[in-house]
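Just so you know, we're using the numbering used here here: the sequence shown kicks off at 221 and counts up by one. Notes follow the structure.
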Amino acid sequence: MFEKLIPRLLSHKKIGVFSHISPDGDCLGSQVALCLWLQANGIESAAFNEDDVNKNLEWLTYFKSIEKPGSSDLDSFDAFAFVDGNALHRFGETAEKLVTLGKPLYMIDHHPQPEDVFEEFVSDTNASSTCELMYRLYKEHDINQVNEQSAKAMYVGLVTDTGSFQFDSVSPETMRAAAMLLEKGNFSPHEITQKVYSSKPEKQIKLLGMALETISLHENQQIATMYVTQSMFQETGTSNEDTEGFVAYPLSIEGVKACVFFREDRAGKIKLSLRSQSDIDVNEWARKLNGGGHKKAAGAWYQGSIEHAITDVIKIGQEQWINRLI
Ligand SMILES: [Mn+2]
221 MFEKLIPRLL SHKKIGVFSH ISPDGDCLGS QVALCLWLQA NGIESAAFNE DDVNKNLEWL
281 TYFKSIEKPG SSDLDSFDAF AFVDGNALHR FGETAEKLVT LGKPLYMIDH HPQPEDVFEE
341 FVSDTNASST CELMYRLYKE HDINQVNEQS AKAMYVGLVT DTGSFQFDSV SPETMRAAAM
401 LLEKGNFSPH EITQKVYSSK PEKQIKLLGM ALETISLHEN QQIATMYVTQ SMFQETGTSN
461 EDTEGFVAYP LSIEGVKACV FFREDRAGKI KLSLRSQSDI DVNEWARKLN GGGHKKAAGA
521 WYQGSIEHAI TDVIKIGQEQ WINRLI
């Protein structure tokens, strides 16, 4: 799978590695793991992200510091690699401008429909996570290069992108990757999940309480919606990042086939997270709203009020579900 990409990566002296905006466990884990792999093979690297890293994942930056790309001399790099996203705009403004430098761009990712700007890439939509692909990179090159830090970093992506190994995307290969990382990294699963999931500030749980109150069911109780408004953020002293994981709650209601979580990032600008646990393809649904993602998890944006967003988004989905809902 990596037979073409590995020699390309190894042909450079210095590579800039980007993870996507609003970073999550999978993109940061794979970014750190890729930088450590490059380091193990004598290649200099820098890790870039436009946004801040959430508190619960900050410990990953002790393995490899993550910088804002704006302050770096990007011309000094021989090439750039992008992880856990397949379109440059997913990596922010600086990344989008990189094409003008004329350096090779590489990509490792598991989302569908990659953009046509990458010189070489590994794109596998069957992989549970980009970290699972990163494990294959190590496996195909030299498994002994996995150390405690890269093992922990990759394990974070496996856990977070699979809802703690619950999603449909989990395969025997995912479990083999996890087992190998546990062996090589000499850590316990609990140690990682404790850091990632049990370090929530109280205000975040207060916000969750408010969000749960907004859950409503549509289309014969098969579609659930939930939202968070700017005033809820203000009242609880929270911000966008504090809603991570919220979308799992409406989806956990009995009989619900898909759900949409609406987050008012600023007045009139709403971020949508769509999730499915049925044959409803939320990637298709999100694409009608100028977004995209996977069949079971996707994102999009909406301009307008929350009330309008809910009505419109349900209406847009209806054509698609016609034969799939009872
Ligand atoms: Mn991912």
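C-beta atoms are modelled at their ideal positions from N, C-alpha and C, and glycine is treated no differently. For clarity, every value in this text was computed on a predicted model and none was experimentally measured.
Check: So Phe238 packs on Phe283, CB below 8 Å; how close in whole Å?
Finding: The pair is not a contact, with the Cβ atoms about 17 Å apart (cut-off 8 Å).
Item checked: Runs of alpha helix (DSSP H) wholly within the region 232-263 (minimum 4 residues, chain order) -> Secondary structure remark: continuous alpha helix (DSSP H) runs of at least 4 residues inside the region 232-263, in chain order: 245-260.
Next item on the list: Grab me the residues of Tyr355's own chain with a C-beta within less than 6 Å of its C-beta, minus the 5 sequence neighbours each way, in chain order.
Entry: These residues qualify, in order along the chain: Met374, Ala397.
Notebook entry, point to check: Just checking my contact of Asp501 with Lys515 at CB under 8 Å: how many whole Å lie between their CB atoms?
Noted result: The C-beta separation of Asp501 from Lys515 comes to about 5 Å, placing the pair in contact by the 8 Å criterion.
Check: If you draw a straight line from the C-alpha of Phe341 to the C-alpha of Thr445, how long is it?
Finding: Looking at the two C-alpha atoms, the distance is approximately 36 Å.
Check: Roughly how many angstroms separate the alpha carbons of Gly249 and Gly377, rounded to a whole number?
Finding: The alpha-carbon of Gly249 is positioned some 5 Å away from that of Gly377.
Item checked: Cβ neighbours of Ala315 in the same chain (closer than 6 Å, five flanking residues each side left out) -> Setting aside the 5 residues that flank it on each side, Ala315 is surrounded in the same chain by Phe238, Leu308, each with a C-beta closer than 6 Å to its C-beta; the list follows chain order.
Item checked: Residue range of the unbroken alpha helix (DSSP H) whose run includes Phe453 -> It spans 450-456 - the alpha helix (DSSP H) in which Phe453 sits, taken as one unbroken run.
Note to self: Classify His331: buried if its beta carbon has 16 or more other beta carbons within 10 angstroms, exposed otherwise.
What the structure shows: Burial is judged here by how many other beta carbons sit within 10 angstroms of a residue's own beta carbon; His331 has at least 16 and is buried.
Next item on the list: Name the residue from Leu357, Ser296, Gly262 whose alpha carbon lies nearest to the alpha carbon of Val303.
Entry: Of the candidates Leu357, Ser296, Gly262, the one whose C-alpha sits nearest the C-alpha of Val303 is Leu357.
Next item on the list: Starting from the Cα of Ala520, find the closest Cα among Val480, Glu393, Glu223 and give me that residue.
Entry: The shortest C-alpha to C-alpha distance from Ala520 to any of Val480, Glu393, Glu223 is the one to Val480.
Margin query: Using the three-state DSSP reduction, which class does Ser292 fall into: helix, strand or coil?
Written below: For Ser292, the three-state secondary structure derived from DSSP is coil.
Note to self: So the candidates are Gly305, Ala253, Leu230; which of them puts its Cα closest to the Cα of Ala518?
What the structure shows: Nearest option by C-alpha distance: Gly305.
Margin query: By the DSSP assignment, the beta strand (DSSP E) with Lys491 in it spans what residues?
Written below: Segment 489-496, the beta strand (DSSP E) holding Lys491.
Check: Where does Ser459 land, buried or exposed, given buried means 16+ other C-beta within 10 angstroms?
Finding: Of the other Cβ atoms in all chains shown, fewer than 16 fall within 10 Å of the Cβ of Ser459; this residue is therefore exposed.
Next item on the list: Could you say if the region 414-428 and the region 453-468 meet the contact criterion of at least three C-beta pairs nearer than 8 Å?
Entry: They touch, by the three-pair rule.
Margin query: Using 8 Å for Cβ pairs, my map puts Gln369 next to Leu256. What's the rounded Cβ distance?
Written below: A Cβ-Cβ distance of about 6 Å is found for the pair Gln369 and Leu256, placing them in contact under the 8 Å criterion.
Check: Is the Cβ-Cβ distance between Asp381 and Asp271 less than 8 Å?
Finding: Taking 8 Å as the Cβ cut-off, Asp381 and Asp271 do not qualify as a contacting pair.
Margin query: Just verifying my parser: in three-state terms, what is the DSSP assignment at Gln365?
Written below: Of the three classes helix, strand and coil, the one that applies to Gln365 here is helix, per DSSP.
Margin query: Which runs of the beta strand (DSSP E) at least 3 residues long sit entirely within the region 315-366? Give them in chain order.
Written below: Counting only runs of 3 or more, we get 325-329, 340-343.
Note to self: Looking at the secondary structure, which residues open and close the alpha helix (DSSP H) in which Arg310 lies?
What the structure shows: Here Arg310 belongs to no alpha helix (DSSP H), and DSSP marks it neither H nor E.
Next item on the list: State the CB to CB distance for the pair Ile235 and Asp298, rounded to an integer number of angstroms; the pair is presumed to be in contact (CB under 8 Å).
Entry: Your pair Ile235 and Asp298 checks out as a contact, with CB atoms roughly 7 Å apart and the cut at 8 Å.
Note to self: Taking the beta carbon of Met395 as the centre, do at least 16 other beta carbons fall within 10 Å, making it buried, or is it exposed?
What the structure shows: Around the beta carbon of Met395, fewer than 16 other beta carbons lie within 10 angstroms, which makes this residue exposed.
Note to self: Assuming Gln386 is part of the alpha helix (DSSP H), what are its boundary residues?
What the structure shows: Note, Gln386: premise wrong, no alpha helix (DSSP H); not H, not E.
Next item on the list: Determine, using beta carbons only, whether Lys372 and Asn276 come nearer to each other than 8 Å.
Entry: In this structure, Lys372 sits away from Asn276, with a CB-CB distance that is not shorter than 8 Å.
Item checked: Status (buried if at least 16 other CB within 10 Å, exposed otherwise) for Ala399 -> Here Ala399 is exposed: its Cβ has fewer than 16 other Cβ atoms, across all protein chains shown, within 10 Å.
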